[in-house]
Amino acid sequence: MSNKVLAFDEAVRQRFSSRAFLPTPLTDEQIRAVLQDAQYSPSNCNTQPWHVHIASGETKDALQKMMIENDSAGKATPDFSFSYNDFHGDYYERSQRQAKIYYDALGIAREDKEKRREAFLRNYKFFGAPHVAFLFMPSFGDNIRVASDIGMYGQSFLLSLAARGFAGIPQTLLGFHADETRRLLGVSDDYRLLFGISFGYADPSAPSGKVRMWRQSVEESVTLHN
């Protein structure tokens, strides 16, 4: 990997959610550089409420085993709700279009439930990534403000990865087993788990390696007032 760090406009456009990673780990120095960048994220009243735990090696393997076993047993303890049924209109259509693009890239038909199950479980295998970051947060009021701060931290983390030639993917699903994740990582019950980010070197040879999701036009998302 080159020591060159991409300019912002390059990093923000080249960043993508990688769903296939090489097993090659990042060095402690490389991970720390990303964490140093993310530490400059903005936050409400400068509260800096992010509490981040990085899992690698045997710890990551234990988390993977726990999540797959919990999912197979139908057990979940998310700190925050999630359901595709909450999406509506254009938002639901975008989520379905994204899923179709991904599964088409893998060559998995909609009716192939076994292959779809295997693909789903790759989430809990961190898509082969050697590292995963779990983003915890304290609970303030209705949690909206603090959750938005964690989101900004996550974006900074992801952009730093992209700028340095690495890749990552934010995963809501990694927050579905919060109780056991806290236990395995030694995290207090005072902190809630919002999501995780699997990261490392992207595997460009994987079927999903060339998948890039579309974006709505600026005009569809932004209204200018003069």
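Heads up: the sequence shown at position 46 corresponds to 46 in full-length UniProt numbering, and the numbers run straight through without jumps. Cβ coordinates follow ideal geometry from the N, Cα and C atoms, glycine included. These figures come from a predicted structure and were not determined experimentally.
- DSSP lists Ala55, Ser198 as the bridge partner or partners of Val132.
- Residues of the same chain with a CB within less than 8 Å of the CB of Asp203, apart from the 5 flanking positions on each side, are Ser18, Ala20, Phe21, Leu22, Gly128, Gly209 in chain order.
- By the Cβ neighbour-count rule, Thr24 is exposed, with fewer than 16 other Cβ atoms within 10 Å of its own.
- Around the beta carbon of Leu224, fewer than 16 other beta carbons lie within 10 angstroms, which makes this residue exposed.
- Using a Cβ-Cβ distance cut-off of 8 Å, the segment 177 to 190 and the segment 53 to 71 are in contact, since at least three pairs of beta carbons, one from each stretch, lie closer than that value.
- Here DSSP, grouped into helix, strand and coil, assigns Met137 to strand.
- Contact between Arg32 and Ala162 is ruled out by a C-beta separation of about 17 Å, above the 8 Å threshold.
- Bounds of the alpha helix (DSSP H) holding Gly89 are 89 to 106.
- The residues Leu184, in chain order, have a CB closer than 8 Å to that of Ala62 in the same chain once the five nearest residues on each side in sequence are set aside.
- Distances from the alpha-carbon of Ala76 to those of Leu174, Ser217, Asn226 put Leu174 closest.
- Boundaries of the beta strand (DSSP E) harbouring Gln171: 167 to 171, taken from the DSSP string.
- C-alpha of Pro138 to C-alpha of Ser56: approximately 24 Å in a straight line.
- Across the set Ser217, Asp149, Asp190, the C-alpha of Asp149 shows the shortest separation from the C-alpha of Pro49.
- For His51, the closest alpha carbon among the candidates Arg215, Gln39, Glu58, Arg164 is that of Gln39.
- In the DSSP secondary-structure assignment, Leu193 is bridged to Phe136.
- The continuous stretches of alpha helix (DSSP H) do not include Asp79, and DSSP gives it neither H nor E.
- By the beta-carbon neighbour count (other beta carbons within 10 angstroms, threshold 16), His53 is buried.
- In this chain, Val5 is not harboured by any alpha helix (DSSP H), its DSSP state being neither H nor E.
- When the five nearest sequence neighbours on each side are left out, the beta carbons in the same chain lying within less than 7 Å of the beta carbon of Phe166 are those of Leu26, Phe199, Gly200, Tyr201, in order along the chain.
- DSSP, reduced to helix, strand and coil, places Phe120 within a helical segment of the structure shown.
- Apart from the 5 residues on each side of it in sequence, Phe126 sits with its Cβ closer than 6 Å to the Cβ of Val132, Ser198 in its chain, given in chain order.
- Taking a contact as a CB-CB distance under 8 Å, the pair Arg97 and Phe136 does not count as one, their CB atoms being some 32 Å apart.
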